[in-house]
Structure formats: structure tokens, C-alpha cells
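Going by my numbering, the letters in the sequence shown line up with residues 1 to 241, in that order.
Where is the CB? At the ideal position from N, CA and C, for every residue including glycine.
All values reported here derive from a predicted model rather than from experimental measurement.
Written below as C-alpha cells is the structure these notes are about.
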Amino acid sequence: MKPDAIYATPLDEIVDFEFDDKVASVFPDMIKRSVPGYSTVIATTGVLAKRYFSANSYIYDLGCSLGAATLTMRKALQGQQGKIIAVDNSAAMIERAKVLLAQDLADFPVEFQQADISRLEIKNASMVVLNYTLQFIQPEQRQKLIDNIYQGLRPGGILVLSEKIAFEDAHKQPLFIDLHHSFKKANGYSDLEISQKRQAIDNVLTPETIPQHRERLIQTGFSSADVWFQCFNFASLLAVK
Ligand code: GEK
Numbered sequence: 001m002k003p004d005a006i007y008a009t010p011l012d013e014i015v016d017f018e019f020d021d022k023v024a025s026v027f028p029d030m031i032k033r034s035v036p037g038y039s040t041v042i043a044t045t046g047v048l049a050k051r052y053f054s055a056n057s058y059i060y061d062l063g064c065s066l067g068a069a070t071l072t073m074r075k076a077l078q079g080q081q082g083k084i085i086a087v088d089n090s091a092a093m094i095e096r097a098k099v100l101l102a103q104d105l106a107d108f109p110v111e112f113q114q115a116d117i118s119r120l121e122i123k124n125a126s127m128v129v130l131n132y133t134l135q136f137i138q139p140e141q142r143q144k145l146i147d148n149i150y151q152g153l154r155p156g157g158i159l160v161l162s163e164k165i166a167f168e169d170a171h172k173q174p175l176f177i178d179l180h181h182s183f184k185k186a187n188g189y190s191d192l193e194i195s196q197k198r199q200a201i202d203n204v205l206t207p208e209t210i211p212q213h214r215e216r217l218i219q220t221g222f223s224s225a226d227v228w229f230q231c232f233n234f235a236s237l238l239a240v241k
């Protein structure tokens, strides 16, 4: 795994974070060292796929990056009839994801698409995965995307929504940001890397609170929406149609 050193040296200008080739080439190391609980969320996505997938349906992995969740779900669904449709708008991510898929031996169809998830037709889905991606969609466009997902799900189908989260409480917000930075330091990131990355990503990643996520999901029509995992300021919700 190529180590992430993108923000390791002082940069003259810090530009907005982008999912370009430089990021895609170090992505597995970056996300593992930056997102507390990432490997638990990926592994559990496979467990949920096994339970909620229904025959001849689709599973969507929206903002799939290199396809970590897709490959885990594929393994869980070997031999069944259906398809995983994995979508990302970054050409660099999709190109690399296709190479990783070609090296994977599991037997379940996967289709990678380079597309904007805000403009996607979602249909016949038993499961939709939005792992750490809604946070990059403009807040005013989020309801439309969640509506589209809800419409495309079969009754009893699920949405797995994993996000960086914010806190309303004036004490909790800085505490959890600080705890997240401690997590990154423990994983070998320097103070310079943490602060330069923070400047680069703050304009493009807008976290919301857990009550905001839950209310949106329930208002959309989901019969339940519960947090099944949280580590510091990263959480994952399971919403059932
Ligand atoms: C994982 N789920 O490893 N349309 C399509 N893709 C998008 C859009 C959009 N509008 N906006 C952002 N992306 C993955 C990790 S990373 C999270 C997801 C992170 C894509 C973007 O190109 C990137 O690959 C992904 O969403 C977010 O389980 O890096 O913090």
C-alpha cells in the first residue's frame, strides 16, 4: 500500500481537496489512517449485504472510490443473481477500481460507472451504500439524492449512510475534532499534515449532525434510521424502507 504523504511537506498554496490521480494512488492508506472505524464499516457492509440482498436486485455503491465496499459485498454474495452498480465521478478512482476488480476472484457481477451520483437513475435496489460521500454533496442537493435513493429501493431495502458528523453542542464539536486529530496522529500523521489537509478539505466536506441525518431519512419515508456504529466524529446509520 503506497503511503499517503500528500500534505507532509509545507505547501505554498493549499487548494481545495480533489479526488484526482494523486489521491487515488494513496487512497487505501489515506482513508484507513484518517477515518476512525473505516475497516469495521467496510466489513459490516458485507454482513448487511448478505442479510438484505434479494434475488435479481441491484446494490448501489455511491461514491465507491476504489470499490472497497463493493469488493466486500461481492464476496458476501458469491453465486447469487443480481448486480452491484458502483459509481464515482472521479475518473482516477474508477480506472483504479476496475483494475482491482479484475484481480478479484469472487463470482458476482459488478459494473463500475463514472457518473455524478446526483444525476443517477436508481432502480430495483435492495441496498444502497453511501459511505462517506453525502458529505461531499452540496447540502441543498442532499434531500433530492436521498429522495432518489428512497424511490429506487424495494420495500424492505436498506440505505447504509456513513458520514463524518458535526455536533450542535459547543463543547462536543471541538472535543470530537480534537479526538479525531489524536487518531490521525496515532496513525503517523504530523501536525503539519493534519492542518494542511484540514484547510484543503474544509471547503468541500460539510458534515451534518446525527439528528439532521435521521430527520431527513425519516421525513423521506424510511421506516427506521438508526446509528449502528460511531467512533468519534464518524458514524454510520442503517435506514430501512
Ligand atoms: C469507500 N465509499 O472506500 N458523484 C459521484 N462520486 C462523488 C461525488 C459525486 N457527486 N462527489 C464525491 N464523489 C468509499 C469512500 S470517498 C470518502 C468514499 C473520503 C466521490 C469522490 O470522488 C470519492 O471517491 C468519494 O466520493 C468519497 O468506502 O475520501 O472521505
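Among residues of its own chain, excluding the 5 on either side of residue i, which ones have a beta-carbon nearer than 6 Å to its beta-carbon?
i: I94; result: D88, F112, Q114
i: A242; result: For residue 242 there is no data in the structure shown, the boundaries of the chain being 1 and 241.
i: S90; result: F19
Leaving out five residues before and five after residue i in sequence, what residues of the same chain have Cβ atoms less than 8 Å from its Cβ?
i: L101; result: G67, T70, L71, V110, F112
i: Q199; result: I14
i: Y52; result: S126, M127, G156, G157, I158
i: R33; result: D4, K184, N187, G188, Y189
Go ahead and pull the three-state DSSP assignment for residue i.
i: A225; result: strand
i: F167; result: coil
i: F234; result: strand
i: T220; result: helix
i: I149; result: helix
i: A8; result: coil
i: A24; result: helix
i: S90; result: coil
i: Q141; result: helix
i: F112; result: strand
i: G46; result: helix
i: L192; result: helix
i: I177; result: helix
i: P207; result: coil
i: S34; result: helix
i: K197; result: helix
Here's a check: name, in chain order, each residue in its chain whose Cβ is nearer than 7 Å to the Cβ of residue i, leaving out the five neighbours to either side.
i: E168; result: T209
i: K98; result: F112
i: K2; result: S25, V26, D29
i: M73; result: T45, G46, A49, I59, I84
i: F176; result: F167, F232, N233
Tell me residue i's beta-bridge partners as DSSP assigns them.
i: M127; result: I59, I158
Looking at chain D, is there any beta carbon in it that lies within less than 9 Å of the beta carbon of residue i?
i: T9; result: In the structure shown, chain D does not exist; there is a single protein chain.
Worksheet item: Taking contact to mean at least 3 C-beta pairs separated by less than 8 Å, is the segment 214-230 in contact with the segment 8-26?
Response: no
Item to complete: Give me every residue whose Cβ sits closer than 5 Å to any heavy atom of the ligand GEK, in chain order.
Response: F19, G63, S65, A68, A69, D88, N89, S90, M93, D116, I117, N131, Y132, T133, F136
Discussion item. When you compare the segment 150-159 with the segment 122-129, are there three or more beta-carbon pairs, one atom per stretch, that lie closer than 8 Å?
Written reply: yes
Worksheet item: Do three or more CB pairs link the segment 176-186 to the segment 155-163 at distances below 8 Å?
Response: no
Practice prompt. Evaluate contact between the segment 186-199 and the segment 139-146, counting only Cβ atoms and requiring at least three cross-stretch pairs below 8 Å.
Written response: no
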